[in-house]
Amino acid sequence: MVYQGHNALKGLIIMVYSNFIDLIDLNDRPVSWWKKVIELGAEIAGHPEEYSDACKGKIMATLFYEPSTRTQMSFQTAMLRLGGTIIGFDNPATSSVAKGENLKDTTKIVSGYADIMVMRHPSEGSAKAAAISAECPIINAGDGRHLHPTQTLTDLLTLYKEKGRLDDLTIGICGDLRNGRTAHSLCKALAEFRGNSFVLISTPTLRIPAYITDILSARGCPYKEVNTIEEAIGSLDMLYMTRIQRERFESEEEYAAQKDIYCLDRRKMAMAGRDMIVLHPLPRVDEIAMDVDEDKRALYFKQAKYGMYVRMALIITMLSEKDNKTLLLSGRVHNGVKCTNPRCITNSEHYLPKSFRGTRDTLECEYCDERVMLEF
Amino acid sequence: MVYQGHNALKGLIIMVYSNFIDLIDLNDRPVSWWKKVIELGAEIAGHPEEYSDACKGKIMATLFYEPSTRTQMSFQTAMLRLGGTIIGFDNPATSSVAKGENLKDTTKIVSGYADIMVMRHPSEGSAKAAAISAECPIINAGDGRHLHPTQTLTDLLTLYKEKGRLDDLTIGICGDLRNGRTAHSLCKALAEFRGNSFVLISTPTLRIPAYITDILSARGCPYKEVNTIEEAIGSLDMLYMTRIQRERFESEEEYAAQKDIYCLDRRKMAMAGRDMIVLHPLPRVDEIAMDVDEDKRALYFKQAKYGMYVRMALIITMLSEKDNKTLLLSGRVHNGVKCTNPRCITNSEHYLPKSFRGTRDTLECEYCDERVMLEF
Amino acid sequence: MVYQGHNALKGLIIMVYSNFIDLIDLNDRPVSWWKKVIELGAEIAGHPEEYSDACKGKIMATLFYEPSTRTQMSFQTAMLRLGGTIIGFDNPATSSVAKGENLKDTTKIVSGYADIMVMRHPSEGSAKAAAISAECPIINAGDGRHLHPTQTLTDLLTLYKEKGRLDDLTIGICGDLRNGRTAHSLCKALAEFRGNSFVLISTPTLRIPAYITDILSARGCPYKEVNTIEEAIGSLDMLYMTRIQRERFESEEEYAAQKDIYCLDRRKMAMAGRDMIVLHPLPRVDEIAMDVDEDKRALYFKQAKYGMYVRMALIITMLSEKDNKTLLLSGRVHNGVKCTNPRCITNSEHYLPKSFRGTRDTLECEYCDERVMLEF
Chain Y
1 MVYQGHNALK
11 GLIIMVYSNF
21 IDLIDLNDRP
31 VSWWKKVIEL
41 GAEIAGHPEE
51 YSDACKGKIM
61 ATLFYEPSTR
71 TQMSFQTAML
81 RLGGTIIGFD
91 NPATSSVAKG
101 ENLKDTTKIV
111 SGYADIMVMR
121 HPSEGSAKAA
131 AISAECPIIN
141 AGDGRHLHPT
151 QTLTDLLTLY
161 KEKGRLDDLT
171 IGICGDLRNG
181 RTAHSLCKAL
191 AEFRGNSFVL
201 ISTPTLRIPA
211 YITDILSARG
221 CPYKEVNTIE
231 EAIGSLDMLY
241 MTRIQRERFE
251 SEEEYAAQKD
261 IYCLDRRKMA
271 MAGRDMIVLH
281 PLPRVDEIAM
291 DVDEDKRALY
301 FKQAKYGMYV
311 RMALIITMLS
321 EKDNKTLLLS
331 GRVHNGVKCT
341 NPRCITNSEH
351 YLPKSFRGTR
361 DTLECEYCDE
371 RVMLEF
Chain L
1 MVYQGHNALK
11 GLIIMVYSNF
21 IDLIDLNDRP
31 VSWWKKVIEL
41 GAEIAGHPEE
51 YSDACKGKIM
61 ATLFYEPSTR
71 TQMSFQTAML
81 RLGGTIIGFD
91 NPATSSVAKG
101 ENLKDTTKIV
111 SGYADIMVMR
121 HPSEGSAKAA
131 AISAECPIIN
141 AGDGRHLHPT
151 QTLTDLLTLY
161 KEKGRLDDLT
171 IGICGDLRNG
181 RTAHSLCKAL
191 AEFRGNSFVL
201 ISTPTLRIPA
211 YITDILSARG
221 CPYKEVNTIE
231 EAIGSLDMLY
241 MTRIQRERFE
251 SEEEYAAQKD
261 IYCLDRRKMA
271 MAGRDMIVLH
281 PLPRVDEIAM
291 DVDEDKRALY
301 FKQAKYGMYV
311 RMALIITMLS
321 EKDNKTLLLS
331 GRVHNGVKCT
341 NPRCITNSEH
351 YLPKSFRGTR
361 DTLECEYCDE
371 RVMLEF
Chain H
1 MVYQGHNALK
11 GLIIMVYSNF
21 IDLIDLNDRP
31 VSWWKKVIEL
41 GAEIAGHPEE
51 YSDACKGKIM
61 ATLFYEPSTR
71 TQMSFQTAML
81 RLGGTIIGFD
91 NPATSSVAKG
101 ENLKDTTKIV
111 SGYADIMVMR
121 HPSEGSAKAA
131 AISAECPIIN
141 AGDGRHLHPT
151 QTLTDLLTLY
161 KEKGRLDDLT
171 IGICGDLRNG
181 RTAHSLCKAL
191 AEFRGNSFVL
201 ISTPTLRIPA
211 YITDILSARG
221 CPYKEVNTIE
231 EAIGSLDMLY
241 MTRIQRERFE
251 SEEEYAAQKD
261 IYCLDRRKMA
271 MAGRDMIVLH
281 PLPRVDEIAM
291 DVDEDKRALY
301 FKQAKYGMYV
311 RMALIITMLS
321 EKDNKTLLLS
331 GRVHNGVKCT
341 NPRCITNSEH
351 YLPKSFRGTR
361 DTLECEYCDE
371 RVMLEF
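Protein chains in written order, with my numbering: chain Y, 1 to 376; chain L, 1 to 376; chain H, 1 to 376.
Written out as structure tokens, the structure reads:
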């Protein structure tokens, strides 16, 4: 980590690097790097036994400040299948580390024990905060509602293996697109490849945010927004199902009236093409009927397994490139300005430099990407 | 898994196989298979170091939906001593898998990560339900009050190693024989070998169920039922102690009056033969006085170690025979008929085919073995 | 374990050995043995990769009856870096072992699975109690407020590596010296080496107990007691910071007035010599300002890493010398006399022989070292 600060007219310029490849936000890495990880993931999926000693002697720490058994198991299995070993915790209630200590100290200590760290934390920006002090590479396994980059890598590997390409695809995404972290990341990621078009399926009140459609437009990706699976499914190469939580509907009546529209069942599957595939980040609740599981196009369980392979590829890549650097902060600290997102890590870990991108009127928190309006 | 259903006059015939050797119920496997596992266990107990790489590169998932640290440790140690590795959870309260997801999805995902799964679950029939969707072999490590086959294998290996045989034994079993899962399984298992006779020691209200004594009779095994350890202990080759829970006695006075009768102490040990051995599935509460531990015939701690060896043998056997099949369901689904056992897994996981053995008036649930009376 | 009791005039003489090297109390081992462990730790710290198979095939059980994630991770990492594997629990609330069973049975069973056991327990004397029945070596990782010998070994290895010696040092220790287990152990340990002098920094009410200063005097170690960091820091080779809990101050006003005096910050660091090092057992709360972390003399995170190396050395040493013996009890059991410390393990595990050192009027519990006054 190198701080390179000097006093400027508007705020203190700050530059913080880690000495490792960290994976905080997929967009911190070029698309060429994603492709490398995905191609390695595809190779591992074909011949996993050839990688069974790739991380022999290495230790991965999984620090799960909120439980997510599935994600944690996926990372642990990935490391074990590479011949490495694991330490960590999963239970904030009984973990004295999770309770009594600031994130910096925990990160310092655990990164002294481990060769690579995986962190899940309820606060947004927590993985970046950890990377600032960690003495080993760190993978963001979910920081609040903010980012979960290995889910997106999982989705990309699944498409790459099952459709044979990441471009020229018609992608349907269904569910709560307003709040769905996974849906946003997937749109942003697939917009980086040529010729993809999007069909965004949700209720009118749960449409995808404007900043995502702005990205799609800027990248030249056609998209349309529709209200039902039926009107979209016939044209899709892939249908990505996600949950709509009951409480996201406008009212209980609205929920009762609409929920079946967003539930994928055999009848709707019958309207889809023979090669369309169905993905889901899991866990599902009711949005895919269980008898769809028997359909050969239902690939969500296979997708979970690709998640393990892509994590194997990621761990190998991060450990073999570990002399590299990651730019963590490059904004400015403004006297007295704090992030307005109450779940931002800077509001609980007070020693962190409160660094923002942007200028005068609109600042963007470098941890959680919240936009802060300033009154001057 | 293969469903082979067709509509029949009385209910829909269902046939479900897994593509693996599962161990749900010891009685699903022939006695010759038990013997093979026990003999391998005996060999491993003699030369454990020769098996230290037998499962190198393999991962065992231990899914403990209710805590049972001792059982889980026994399985984990077994896998580690074979050179394999472990993932899993033990804490339903913090496990998001245990909370938010149906058993099928969890099983599908975790069996995609692991090479073999061990499951403990409070619902009866849960291990069979898991085996229906699992993509790897599964071991039942206790499904509610129903079955716990590796405890019985542990008991058999201990007898085999310590008495040199599984036949021509006089077996005493003491405790709550009415409700004791372990006692029932042990009786059923030892009845499969020649020349064994049984002394069943309990209060009159806690006698062993008729279906067990029916089995003993059918197999030609002499048995008698007695009220005290004293009147039995002199004639035994093995005394199997189990708990009587305080609340099982008829009244608090009854408990106070009787409890010492079912507590093994030095005085009673003095009445036993020099070669009689004492076993206990552990944990004990007060039914064996602690000073009995110093007696050379007290083998319950050694028995726990045999539990580890027999699990090593079981894992090797199941992983090496994994191209085999296990018949999971072969009964009929009757329109609208549900299992009457509230703790049966079919009453919480509604997608499971409600399959019953038997005919018209008495059906037997294929998951939990509950008998369901039908009114026509 | 060998009991060698015979009836004597005053109480029953008792002699209990384990058949292993146990580490219950650092003072049970000669200083030459400490040095051997520390020198091996230093060697491992220099070339950890040379020890990556030193414990291949060995299993360490970590039984944490109270959570201490940091200590548990340190032990687990140590074992994994030696090529061994780990089982254990960390959550007394969900561990059925921790809840339902006496310590003897748990110890018997788990030591049948594992090659070495690490135990943390809220009761004082618990590690010794466990060693009495364990069938493998045991390491005390904290028994209540009593002992935590691997923390002291960590401190010694840090001094040895960073100062190049364990003698002729001026040692400052700051914080709650009355109640601080770590501070007491460190004084006792460093008093064993020549030429060390001590500056004990605390409030007058939180001075170190007389039995510690008695030891310092007996060993010929100069010491002085002071009220502030400022008056001491200029002369120190090492400053050992520990917490003062808010509730230890005489009053809330006292806390407000005094707390900054016992907080190390940049200003105070500026008064220290260039070669003075700062240690802390961690976790810290407010007693070291976070900007001190950037100071090259702040070695507490490095110290945590030495903790891992010294535990690696300890595990190797204990496993390679395992034919040895440890004397656990050599006192007398007096009819009806119990330890007066309510947190002593003998008051919850009633089968333990209540053994005391000393004579008639003053007895010292052999588990928790409490002095028991007898009235005759």
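C-beta atoms are modelled at their ideal positions from N, C-alpha and C, and glycine is treated no differently.
What you are looking at is a predicted structure, and each value in this text was computed from that prediction instead of being measured.
- Using a Cβ-Cβ distance cut-off of 8 Å, the stretch 329 to 345 of chain H and the stretch 354 to 371 of chain H are in contact, since at least three pairs of beta carbons, one from each stretch, lie closer than that value.
- Rounded to the nearest whole angstrom, the CA to CA distance from residue 139 of chain Y to residue 135 of chain H is 41 Å.
- No Cβ-Cβ contact shorter than 8 Å links residue 240 of chain L with residue 288 of chain L.
- For the 8 Å CB-CB criterion, residue 281 of chain Y and residue 242 of chain Y form a contact.
- Counting along the chain, residue 253 of chain H sits inside the alpha helix (DSSP H) bounded by residues 252 to 258.
- Taking 3 residues as the shortest admissible run, the stretch 281 to 350 of chain H contains the following complete beta strand (DSSP E) segments, listed from N- to C-terminal end: 326 to 329.
- Pairing residue 192 of chain L with residue 312 of chain L, the inter-Cα distance amounts to about 23 Å.
- For the C-beta of residue 110 of chain H, the chain L residues within less than 8 Å are, from N- to C-terminus, 73.
- Under the 8 Å Cβ criterion, the stretch 65 to 76 of chain L does not count as touching the stretch 249 to 261 of chain Y, having fewer than three qualifying pairs.
- Between residue 285 of chain H and residue 300 of chain H, the CB-CB gap reaches or exceeds 8 Å.
- Closer than 9 Å at the C-beta level to chain H, one finds no residue of the stretch 148 to 169 of chain L.
- Cβ neighbours of residue 37 of chain H within its own chain (closer than 6 Å, five residues either side excluded): 313, 314, 317.
- DSSP places residue 266 of chain Y inside the alpha helix (DSSP H), whose first and last residues are 266 to 269.
- Straight across, the Cα-Cα distance linking residue 337 of chain L with residue 151 of chain L is about 33 Å.
- At least 8 Å separates the CB of residue 83 of chain L from every CB of chain Y.
- Counting along the chain, residue 157 of chain Y sits inside no beta strand (DSSP E); it lies in the alpha helix (DSSP H) bounded by residues 149 to 163.
- Per DSSP, residue 365 of chain Y is one residue of the beta strand (DSSP E) stretching across 362 to 365.
- Contact note: residue 283 of chain Y reaches chain L through 100, 101, 105, using a C-beta cutoff of 7 Å and chain order.
- If you draw a straight line from the Cα of residue 206 of chain L to the Cα of residue 178 of chain L, it comes to about 5 Å.
- In this chain, residue 57 of chain L is not harboured by any beta strand (DSSP E), its DSSP state being neither H nor E.
- Secondary structure note for residue 146 of chain H: it is in no alpha helix (DSSP H), with a DSSP letter that is neither H nor E.
- Residues of chain H whose Cβ lies closer than 7 Å to the Cβ of residue 305 of chain L are, in chain order, 112.
- Bounds of the alpha helix (DSSP H) holding residue 181 of chain H are 181 to 190.
- Along the stretch 44 to 66 of chain Y, the positions whose C-beta sits under 7 Å from a C-beta of chain H are 57, 59, read in chain order.
- For residue 262 of chain Y, no CB of chain H lies under 8 Å from its own CB, so it is not counted at the interface with that chain.
- Annotation: residue 296 of chain H to residue 275 of chain H spans about 9 Å, alpha carbon to alpha carbon.
- Residues of chain H with a Cβ closer than 8 Å to the Cβ of residue 77 of chain L are, in chain order, 59, 87, 113, 114.
- Per DSSP, reduced to three states, the secondary structure at residue 140 of chain L is strand.
- The criterion of a C-beta distance shorter than 8 Å is not satisfied by residue 254 of chain H and residue 104 of chain H.
- Interface flag for residue 240 of chain Y against chain H is unset, since no Cβ pair is found closer than 8 Å.
- Under the Cβ criterion of 8 Å, residue 290 of chain L is counted among the residues facing chain H.
- Between the C-alpha atoms of residue 130 of chain L and residue 283 of chain Y there is a straight-line separation of about 17 Å.
- Contact between residue 157 of chain Y and residue 42 of chain Y holds, with the beta-carbon distance rounding to 7 Å and staying under 8 Å.
- The beta-bridge partner set that DSSP reports for residue 172 of chain H consists of H/199, H/239.
- For residue 80 of chain H, a Cβ of chain Y is located within less than 8 Å of the residue's own Cβ.
- The beta-carbon separation of residue 133 of chain L and residue 108 of chain L, rounded to 5 Å, stays under the 8 Å limit for a contact.
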